[in-house]
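One structure is given here, and the rest of the page talks about it.
In this note's numbering, the protein residues as written are 2 to 500.
Structure (structure tokens):
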């Protein structure tokens, strides 16, 4: 084994620089095989964070000491003959709203700066159990509510590494940037209407929004009380990665049940094969509200890649009941959120309330009777989607119907807010339907990454991942990259915040 390790070092002289460039699968294999130590792997990423993060401000808290201690335990265990996990030593970031034991879960809010997490959230615990190592929290919009752009009251703006004049997306934008720039091999985000998939497209990485109930989670904020039905059902945790293969690794680890989340369903990670060429419905312009030519080409390129891979690809008129679903989604969320809005508004800080404020003005809360009817509409729309996906097991469409937009467009005025809401409409409606989706890059146009999403039947993430893999095999992987240009936002450094 020592000879093998030395051979690896002869072939890769600058080991630390090479390590952060590897996929998560390659990193874990190198640690399991003894080619490198977990400590070397972690140190490689910590050095990359020190080099890159001051330029993009994606990592809000560097867990340097904790990560190195965890890596040392991994190395000791391997030396003692213990079997290393499938993600042995792999560094990952965690969205600022997701709990990591013993460090603050700030939600990007000054008032929550010292809100210490008593335990890991279930997905963090699952990644740790597989051998992965958290290296830091990643930035979000304030309270996840201040808009699509990743800008928080506590940590400032996160910068898109492809172009600082474009948003990295949100609300998992910090994780998207961290993964795209090689500061972590995996990011753990969550998605209730595009918050994994949009940062994936805007940063040139892949992202998985699972079926509701596929991964266990805990989205309580303060105390033991759980949120209402919209927050319970719509928000799903999921991974971001630079390759579809790494998404698959994370998916296999994250899937399953946990007593802390009674919503998690014990469904096998892989379903029965579907005979014959798999049918893929293609909708380039959901709802007919318009799509940018660059995005249309991305969908067409992905469709051609799937045809080449043997899929039966068909253009269809539209997805089920899009406008009705968008209206019901908005009314349900606003009705559930309205009682807490006065208190939340005070936490969002100056200007941070504009995005939600415009939404609240546009969509008044429903009465109790109307809300109950809306819950029935929700189930009825899910039924329509189930029937659609019974005919077409997969759907190919855009993530965001425009290229990455400027930071804060959605909070600037009502026109900007409506433009962004329209562009993310397929993400919103598929979250409402509760079905899985994988965002995958398709290339680069005018210096910016392009991408699409593959939507599937409930609990058939395996079909989505296989189709995304077929697209990636033909169109390639875009990251890691070095940041381009310099950011305009307030950058908050991590000096003194290592834990």
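We put the CB at the ideal spot given by N, CA and C, even for glycine.
First through last residue of the beta strand (DSSP E) which encompasses residue i
i, result
"residue 399", "395–399"
"residue 191", "187–192"
"residue 316", "313–316"
"residue 438", "438–446"
"residue 357", "From DSSP, residue 357 is part of no beta strand (DSSP E) but of the alpha helix (DSSP H) over 355–363."
"residue 209", "207–210"
Rounded distance between the beta-carbons of residue j and residue i, thought under 8 Å
i, j, result
"residue 318", "residue 339", "Residue 318 to residue 339, Cβ: 36 Å. No contact."
"residue 479", "residue 167", "Contact doesn't hold; Cβ gap of about 15 Å is too wide."
"residue 186", "residue 259", "Contact doesn't hold; Cβ gap of about 23 Å is too wide."
"residue 39", "residue 90", "3 Å"
"residue 250", "residue 26", "6 Å"
"residue 215", "residue 256", "6 Å"
"residue 201", "residue 241", "6 Å"
"residue 304", "residue 320", "No, residue 304 and residue 320 are not in contact; Cβ-Cβ is about 15 Å, not under 8 Å."
"residue 324", "residue 288", "6 Å"
Extent of the continuous alpha helix (DSSP H) run through residue i
i, result
"residue 238", "Taken as a continuous stretch (DSSP letters only), residue 238 belongs to no alpha helix (DSSP H), being part of the beta strand (DSSP E) at 237–242."
"residue 61", "Where residue 61 is concerned, there is no enclosing alpha helix (DSSP H), although the beta strand (DSSP E) it sits in stretches over 60–63."
"residue 53", "39–57"
"residue 306", "294–309"
"residue 416", "415–424"
"residue 201", "198–204"
"residue 252", "245–255"
"residue 472", "462–476"
"residue 128", "123–130"
"residue 32", "25–33"
"residue 180", "174–181"
Close Cβ partners of residue i (< 7 Å) along its chain, the five nearest in sequence each way excluded
i, result
"residue 4", "For residue 4, the predicted model reports a pLDDT of 40, less than 50, meaning its position is unreliable and no value from the coordinates is stated."
"residue 322", "382, 385"
"residue 363", "none"
"residue 139", "59, 60, 61, 94, 95, 96, 97, 175, 176, 179, 188"
"residue 486", "164, 165"
"residue 489", "Interpretation of residue 489 is limited by its pLDDT of 40, a score under 50 that renders its predicted location unreliable; the figure taken from the coordinates is listed afterwards. For residue 489, where only same-chain residues beyond five positions count, the Cβ hits under 7 Å are 165."
"residue 425", "194, 195, 199, 401"
"residue 131", "86, 87, 88, 254"
"residue 309", "475"
"residue 407", "166, 167, 168"
"residue 350", "143, 154"
"residue 348", "110, 112, 144"
Cross-strand partners of residue i (DSSP beta bridge)
i, result
"residue 105", "117"
"residue 138", "62, 95"
"residue 456", "396, 438"
"residue 153", "157"
"residue 324", "For residue 324, which the question treats as bridged, DSSP gives no partner whatsoever."
"residue 449", "446"
"residue 283", "316, 397"
"residue 259", "262"
Residues near residue i in its chain [Cβ-Cβ closer than 8 Å; skip 5 each side]
i, result
"residue 253", "87, 270"
"residue 312", "278, 279, 280, 281, 395, 468, 471"
"residue 205", "163, 181, 442, 445, 450, 452, 479, 480, 482"
"residue 118", "100, 101, 102, 103, 104, 105, 106"
"residue 398", "283, 284, 285, 287, 300, 320, 427, 453, 454, 456"
Closest residue to residue i among the options (Cα-Cα distance)
i, options, result
"residue 115", "126, 122, 123, 97", "97"
"residue 411", "473, 117, 172, 275", "172"
"residue 436", "27, 64, 209", "209"
"residue 281", "292, 301, 293", "301"
"residue 419", "272, 379, 378, 361", "361"
"residue 336", "219, 417, 229", "229"
"residue 150", "43, 197, 128, 77", "197"
"residue 221", "212, 134, 123", "123"
"residue 463", "217, 70, 212, 226", "212"
"residue 473", "377, 414, 306, 327", "306"
"residue 372", "296, 391, 399, 334", "334"
"residue 41", "54, 71, 378", "71"
Beta-carbon contacts of residue i that lie in its chain and below 6 Å, excluding the five residues immediately before and after
i, result
"residue 21", "45, 46, 49, 183"
"residue 79", "85"
"residue 120", "102"
Residue i: CB within 7 Å of a non-hydrogen atom of the ligand GDP
i, result
"residue 356", "This structure lacks the ligand GDP; in fact it carries no ligand of any kind."
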